[in-house]
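Residue numbers (our numbering): 1 to 342. Heads up, the beta-carbon is just placed ideally off N, CA and C, and yes, glycines get one too.
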C-alpha cells in the first residue's frame, strides 16, 4: 500500500521507504494551439476591458464551467502583461489563489482558461448582502493573508492588491476567497528592490510612488482593503488620482468616522500596523496572518457584532466612484517628481 501525503517519504507494500518527488502543477498545465471552441462552449461574456474580455465557458468533454480570458496579441503592452500572468500562475498552487487550467493560442489571440469563481467580486457580495460582522471580515482577510504569505514565501510580489482582485469561489459563501489578476505580479530575488510604479492609486504604497520598494508594498494594499471593508471608505481618498496620490504620500491615518466606534481596537491595531509608512516596520504577511484579530476572532465578544449599516452605503458609493477611476499607474513612464515626495 502506498500512502500519499504531504510528506517526503512513503511506505511501499514491501515495507521499504523511498523518497517521493513533489509533483509540480506546472507539469499538468497544457499549452494548446488551434480553435478553442473545439474544446469549450462559450456561454456569455463576463466582463471586458482594454485587454480584451473574459467569458463563461464549458468544457465540452467534462461539462466543467470555466472562465476564459482572451487577449489580442496586437496590443503589445497588454500582451506582455498577459504572458507574465501566465508565467506566474503556472507555478502557483494554493487554495486561495485562482488556478490556471490551460492556455490556448491562435495567430491573433491568446486564451487563459482558469477555474470559475461564481461568487463575483468580494465587495459587491458584501454590499449585496448588507451584513458583515468582524468575525466574517476576519475570515475573509485571513484567507487573503494566507494567499499573500504563500506568494511572498515564493518570492512573488502581486503589486495590484485591491478588492476587485478578490473573488468568491461560490455565490453567497465568503468561506472561500480567491486572489486573481497577476498581470502586474513579479518574481523577485531575495531582498530585491523594485522601482516600476505599478499599482492602483487608492491602494498603492508610498514607497512604490517613490520608486523603491519590496514585497511589503502588498501588505500596505491589504491594509487599505481592510480599512475599506470595515468603513466603506478608503483612508486616503481624493477626487483625482493626483489628490489620492498626494494623500497616500502625506495623509494621516484616522479612525474618526462614526462607523469606527463599534470596531474593535484590535482591528484598528492591525490596520495601523499594515499602513505604517516605514515599510521595514510594516507587518509581514505572515505576521498579519497570525495577528490576534485574525487568529482569535471567533473567540472574542465582539465577533458577531454587526458592522454599521452606513458602511454598506459608503462602500456602494465608493465602488460607484471606482468604476470611473479604474486606471493603473503601470503606463506612467516616470516617477513622481521629487518635490511631491517630501
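Residue environment, residue 33, which counts as buried when at least 16 other CB atoms sit within 10 Å: exposed
As assigned by DSSP and simplified to three states, the class of residue 270: helix
Selected residue, minimal CA-CA separation from residue 145, among 188, 194, 226: 226
Backbone CA spacing between residue 21 and residue 155 [nearest angstrom]: For residue 21, the predicted structure reports a pLDDT of 46, less than 50, and the residue's modelled location is therefore unreliable. The matter cannot be settled from this model.
Contact between the stretch 246–265 and the stretch 199–218 (3+ Cβ pairs under 8 angstroms): yes
Contact between the stretch 266–274 and the stretch 208–216 (3+ Cβ pairs under 8 angstroms): no
Residue 110 to residue 256 span [Cα, whole Å]: 48 angstroms
Unbroken alpha helix (DSSP H) run spanning residue 59, endpoints: No alpha helix (DSSP H) contains residue 59, which is instead part of the beta strand (DSSP E) from 52–59.
Contact under 8 angstroms by Cβ, residue 101 with residue 114: yes
Assigned exposure category for residue 74 - 16 Cβ within 10 Å defines buried: exposed
Cβ distance (whole Å) where residue 81 is taken to contact residue 184 below 8 angstroms: 7 angstroms
Distance CB(residue 37)-CB(residue 55) smaller than 8 angstroms: no
Distance, residue 160 Cα to residue 28 Cα: Any reading at residue 28 must be qualified, since the residue scores a pLDDT of 49, below 50, and its modelled position is unreliable; no value is offered.
Other residues of its chain near residue 72: CB distance less than 7 angstroms, five sequence neighbours each side excluded: 52, 108, 109
Close-in-space but distant-in-sequence residues of the same chain around residue 143 (CB under 6 angstroms, 5 per side omitted): 96, 177
Whole-Å CB distance - residue 179 paired with residue 165, under 8 angstroms assumed: 6 angstroms
N-terminal and C-terminal residue of the beta strand (DSSP E) that residue 103 is part of: 100–105
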